[in-house]
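Asker: Please find one structure pasted underneath; my questions will follow.
Numbering (the numbering used here), first residue to last: 15 to 218.
Okay, here's the thing in structure tokens:
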């Protein structure tokens, strides 16, 4: 398969996305177009398009006549997010009980192989890929759409997990246990494993 050319807009959006998801750019940080253009050596229209991409993804928010800002996800937001996310993950666990999902296994393998100095954004990416693979394995387009609608807030929430998972081995072990519980079943055990993981993820 040939590589898709990466535009300057895509490259800038990826660079800023990495800084947001690594926690380098904290919630509420403004991103003035002129400053970003100077930092990355690109034209302001390019910056404007890249910021629009991140606003669409939900990583930034923008008000009229003001610079874009890294979106702030409050504890109340996270609580409500998990209120909605838990039933979706529960449906996933029940549907996949007794199955091993290769795409999720691959994401976990990539997570394990990341070097020690890998940025947190790389860990976020593989963490999201693992959970997304499980959702997609169910085969329900509506479940995928509902889960996808929570993606940006989930990613921003995962940024906070650096404090919960200071030891990356704990994150890896927890996801290995999760995938094994889903693969071996029964449904009740898979659902319990998902609930335990989500509770720990959000500090409960």
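Each residue gets a CB set at the ideal place from its N, CA and C atoms; glycine is no exception.
Answer with buried or exposed for residue 70, where buried requires no fewer than 16 other C-beta atoms within 10 angstroms of its C-beta.
Answerer: For the purposes of this step, residue 70 is taken as the residue at position 56 of the chain shown. When all chains shown are included, residue 70 counts as exposed.
Asker: Can you give me the C-alpha to C-alpha distance between residue 57 and residue 51, rounded to a whole angstrom?
Answerer: In the chain shown, residue 57 corresponds to position 43, counting from 1. In the chain shown, residue 51 corresponds to position 37, counting from 1. For residue 57 and residue 51, the distance between alpha carbons rounds to 6 angstroms.
Asker: By Cβ distance below 6 angstroms, which residues in the same chain neighbour residue 124 in space, the five residues on each side in sequence not counted?
Answerer: Numbered from 1 along the chain shown, position 110 holds the residue referred to as residue 124. Cβ neighbours of residue 124 beyond the five flanking positions: 140.
Asker: Check whether the Cβ atoms of residue 62 and residue 47 lie closer than 8 angstroms to each other.
Answerer: Here residue 62 is taken as the residue at index 48 of the chain shown, counted from 1. Here residue 47 is taken as the residue at index 33 of the chain shown, counted from 1. Yes; because the gap between Cβ atoms is below 8 angstroms, this pair is in contact.
Asker: How long is the line joining the alpha carbons of residue 59 and residue 44, rounded to whole angstroms?
Answerer: The residue given as residue 59 occupies position 45 in the chain shown. The residue given as residue 44 occupies position 30 in the chain shown. Cα to Cα, residue 59 sits roughly 17 angstroms from residue 44.
Asker: Enumerate, from N- to C-terminal direction, the unbroken alpha helix (DSSP H) stretches of 4 or more residues contained entirely within the region 48-92.
Answerer: Qualifying alpha helix (DSSP H) stretches, in chain order: 58-71.
Asker: Could you tell me the distance, in whole angstroms, from the CA atom of residue 16 to the CA atom of residue 24?
Answerer: Stepping through the chain shown from its first residue, residue 16 is reached at position 2. Stepping through the chain shown from its first residue, residue 24 is reached at position 10. Low confidence applies here, because residue 16 scores a pLDDT of 49, under 50, leaving its location unreliable and the question unanswered by this model.
Asker: For the alpha helix (DSSP H) containing residue 113, list its first residue and its last residue.
Answerer: The sequence position of residue 113 within the chain shown is 99, counting from 1. First-last for residue 113: undefined, no H or E at that position.
Asker: Decide yes or no for the touch test of the region 90-104 against the region 184-193: beta carbon pairs closer than 8 angstroms, at least 3 of them.
Answerer: Not touching, per the Cβ criterion.
Asker: Give a yes or no on contact between the region 25-39 and the region 121-136, applying the rule of three or more CB pairs nearer than 8 angstroms.
Answerer: Yes: at least three Cβ pairs fall under 8 angstroms.
Asker: Name the one or two DSSP bridge partners that residue 45 has.
Answerer: Along the chain shown, read from residue 1 onward, the residue named residue 45 stands at position 31. Bridge partners of residue 45: 82.
Asker: Classify residue 89: buried if its beta carbon has 16 or more other beta carbons within 10 angstroms, exposed otherwise.
Answerer: Sequence index remark: in the chain shown, residue 89 carries index 75 (1-based). Classification of residue 89: exposed, given that the 10 Å Cβ count is below 16.
Asker: For a minimum of 3 consecutive residues, which ranges assigned as the beta strand (DSSP E) are wholly contained in the region 100-164?
Answerer: You should have found no qualifying run.
Asker: Residue 188 lies in the alpha helix (DSSP H); which residues open and close that run?
Answerer: Locating residue 188 in the chain shown gives position 174, counting from the first residue. Per DSSP, residue 188 belongs to the alpha helix (DSSP H) from 182-198.
Asker: Would residue 66 and residue 205 qualify as a contact pair, given that the criterion is a beta-carbon distance under 8 angstroms?
Answerer: Here the question's residue 66 lines up with position 52 in the chain shown. Here the question's residue 205 lines up with position 191 in the chain shown. Contact flag unset, no.
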